[in-house]
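S.K.: If you read the protein sequences in the order shown, they are chains A and B.
Under my numbering, think of the first position of the first sequence as 703, with each following residue one higher.
Under my numbering, think of the first position of the second sequence as 703, with each following residue one higher.
Protein chains: 2
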Amino acid sequence: MRIGELAIATGTKAETIRYYEREGILPAADRTDSNYRDYSDNHLAALTFVRRARQLGFSMAQVRELLALSDRVDNPCQVVDELVREQLEEVEQKILDLSSLRDELRLMLRSCEANRIGECRIVESLARPLR
Amino acid sequence: MRIGELAIATGTKAETIRYYEREGILPAADRTDSNYRDYSDNHLAALTFVRRARQLGFSMAQVRELLALSDRVDNPCQVVDELVREQLEEVEQKILDLSSLRDELRLMLRSCEANRIGECRIVESLARPLR
DNA sequence: TATGCACCTTGTAGCAACTACAAGGTCAAG
DNA sequence: CTTGACCTTGTAGTTGCTACAAGGTGCATA
Chain A
703 MRIGELAIAT GTKAETIRYY EREGILPAAD RTDSNYRDYS DNHLAALTFV RRARQLGFSM
763 AQVRELLALS DRVDNPCQVV DELVREQLEE VEQKILDLSS LRDELRLMLR SCEANRIGEC
823 RIVESLARPL R
Chain B
703 MRIGELAIAT GTKAETIRYY EREGILPAAD RTDSNYRDYS DNHLAALTFV RRARQLGFSM
763 AQVRELLALS DRVDNPCQVV DELVREQLEE VEQKILDLSS LRDELRLMLR SCEANRIGEC
823 RIVESLARPL R
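Quick look at the structure:
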């Protein structure tokens with residue numbers, strides 16, 4: 703399978719796939735006579751894994767770790783569990799941050815009843831000293 | 703007031719302040735005889751505004767817009783309102799995305815009862831085809 | 001006066017994770 | 001035999017900073 707096909711199959715741009723290969727996230731593909739990359743089902747599975755982990759918010763470094771772990775079938779599952787737990791904590795923190803941000807934005811909208819910037823509470827509230 | 707003072711007053715690194723000046727987000731400061739930047743209270747207010755907007759998740763481009771709007775006191779407040787509304791929508795969408803992500807991570811953790819990677823559901827669930 | 005230290009200057013390069021080109025090679029269809 | 005879709009490499013751009021390096025300035029202290 704050529705890079706374009708793999709790209710469509712995984713919803714990844716061809717350039718991103720080449721980037722992953724350069725970064726050592728994906729193993730290099732075989733080459734055809736005309737030097738085109740030629741991917742196997744193993745590559746498809748690997749890229750699927752990578753994309754899914756990325757979608758779940760894992761960093762490239764974390765994906766590297768996950769890949770290394772999943773290669774060594776005899777490792778304790780605990781290590782993977784730990785990575786997931788860390789990621790979960792980060793995500794939960796982000797949700798909290800965004801929630802208070804959302805509340806502030808909502809407040810700003812509600813307070814805007816003037817119709818000229820001169821009296822606009824939104825601009826005022828942005829100009830307030832930082833907490 | 704010198705750059706270090708302004709940095710402390712706003713919780714911004716001096717390098718970031720110089721960066722904002724380069725980017726035209728902040729007006730250039732006056733210079734002392736020895737070529738040090740010399741900031742006024744207006745600069746303090748402007749930087750406070752910028753930092754607050756950035757904390758609220760506005761992009762640099764949006765901050766530029768907000769600054770331009772807040773300069774023209776006779777513009778309808780509606781334009782600012784619209785920007786805030788857009789930002790709010792983005793934030794709400796991000797919260798939704800992160801929430802489903804959180805749910806998936808929680809599921810992964812719960813399903814991991816094996817203790818060897820060979821049977822690890824987490825690794826399995828990462829290898830599943832992309833939705 | 002000298003010296004040490006914190007602060008300032010400019011310029012450049014690095015980060016994450018791609019994305020967008022440019023300039024050219026390959027291949028199948030019409 | 002030409003068109004057009006695909007592929008190749010390499011390089012540079014994106015966002016919003018951050019981190020140097022190499023040198024100048026200002027002020028307190030020995």
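For each residue, glycine too, the CB sits at the ideal point set by N, CA and C.
Treat the numbers as computed from the prediction; the structure is a model and nothing was measured.
(1) Which whole-angstrom value describes the C-beta separation of ALA764/B and GLN795/B, a residue pair presumed to lie in contact below a C-beta threshold of 8 angstroms?
(2) Can a CB atom of chain B be found closer than 8 angstroms to the CB of ARG756/A?
(3) What are the residues in the segment 777–792 of chain A lying within 9 angstroms of chain B by C-beta distance?
(4) So the candidates are GLY759/B, ARG787/B, PRO729/B, LEU809/B; which of them puts its Cα closest to the Cα of ALA770/B?
(5) According to DSSP, ASN739/B sits in a beta bridge with which residue or residues?
(6) How would you call TYR722/A, buried or exposed, if buried means at least 16 neighbouring beta carbons within 10 angstroms?
(7) Grab the span of the alpha helix (DSSP H) containing GLY706/A for me, first residue to last.
(8) Please go through the segment 745–812 of chain B and give each complete alpha helix (DSSP H) segment of 4 or more residues, from N-terminal end onward.
(9) If you draw a straight line from the C-alpha of GLU792/B to the C-alpha of ARG704/B, how long is it?
(10) Is any beta-carbon of chain B found at less than 8 angstroms from that of GLY706/A?
(11) So with Cβ pairs under 8 angstroms, would you call GLY726/A a contact of chain B?
(12) Tell me which residue opens and which closes the alpha helix (DSSP H) that ILE719/A is part of.
(13) Quick one: list the residues of chain A neighbouring LYS796/B, beta-carbon separation under 7 angstroms, in chain order.
(14) Any beta carbon from chain A within less than 8 angstroms of LEU809/B's own beta carbon?
(15) Let me check understanding here. Comparing Cα to Cα, which of GLY726/A, ARG720/A, VAL752/A, ARG753/A lies closest to TYR738/A?
(16) Please decide whether GLU806/B counts as near chain A, where near means a Cβ-Cβ distance under 8 angstroms.
(17) Please report the distance separating the alpha-carbon of ASP715/B from that of ASN744/A.
(18) Determine whether the beta carbon atoms of PHE760/B and LEU749/B lie at a separation below 8 angstroms.
(19) I'd like to check one pair, LEU746/B with ALA711/B: are the Cβ atoms closer than 8 angstroms?
(20) Please name the residue in ILE797/B, ASP783/B, GLY706/B whose C-alpha comes closest to that of MET810/A.
(21) Please determine, among ILE797/B, SER801/B, THR718/B, the residue with the shortest C-alpha to C-alpha distance to LEU800/A.
M.R.: Result, derived from the coordinates:
(1) Rather than Ala, the amino acid found at residue 764/B in this sequence is Gln. That belief does not hold up - the Cβ atoms of GLN764/B and GLN795/B are roughly 16 angstroms apart, past 8 angstroms.
(2) Under the Cβ distance rule, ARG756/A does not count among the residues neighbouring chain B, no pair being separated by less than 8 angstroms.
(3) Cβ contacts with chain B: ASN777, PRO778, CYS779, GLN780, VAL781, VAL782, ASP783, LEU785, VAL786, ARG787, GLN789, LEU790.
(4) For ALA770/B, the closest C-alpha among the options GLY759/B, ARG787/B, PRO729/B, LEU809/B is that of PRO729/B.
(5) Looking at the sequence itself, residue 739/B is Arg, so the reference to Asn does not match. Bridge partners of ARG739/B: ARG733/B.
(6) Around the beta carbon of TYR722/A, 16 or more other beta carbons sit within 10 angstroms, so the residue counts as buried.
(7) Segment 705–712, the alpha helix (DSSP H) holding GLY706/A.
(8) Runs of the alpha helix (DSSP H) inside the segment 745–812 of chain B: 762–773.
(9) CA-to-CA, the gap between GLU792/B and ARG704/B works out to about 37 angstroms.
(10) Interface flag for GLY706/A against chain B is unset, since no Cβ pair is found closer than 8 angstroms.
(11) With its beta carbon at least 8 angstroms from every one in chain B, GLY726/A lies outside the interface.
(12) Secondary structure note for ILE719/A: its alpha helix (DSSP H) is the uninterrupted segment 716–724.
(13) LEU800, listed in chain order.
(14) Judged by the 8 angstroms Cβ criterion, LEU809/B is not in contact with chain A.
(15) For TYR738/A, the nearest C-alpha among the options comes from ARG720/A.
(16) Under the Cβ criterion of 8 angstroms, GLU806/B is counted among the residues facing chain A.
(17) First, the residue type needs correcting, since residue 715/B is Lys and not Asp in the sequence shown. Between LYS715/B and ASN744/A, the C-alpha separation is close to 47 angstroms.
(18) Between PHE760/B and LEU749/B, the C-beta spacing is not below 8 angstroms.
(19) Cβ atoms of ALA711/B and LEU746/B: closer than 8 angstroms.
(20) Among ILE797/B, ASP783/B, GLY706/B, the Cα nearest to that of MET810/A belongs to ASP783/B.
(21) Answer by Cα proximity: ILE797/B.
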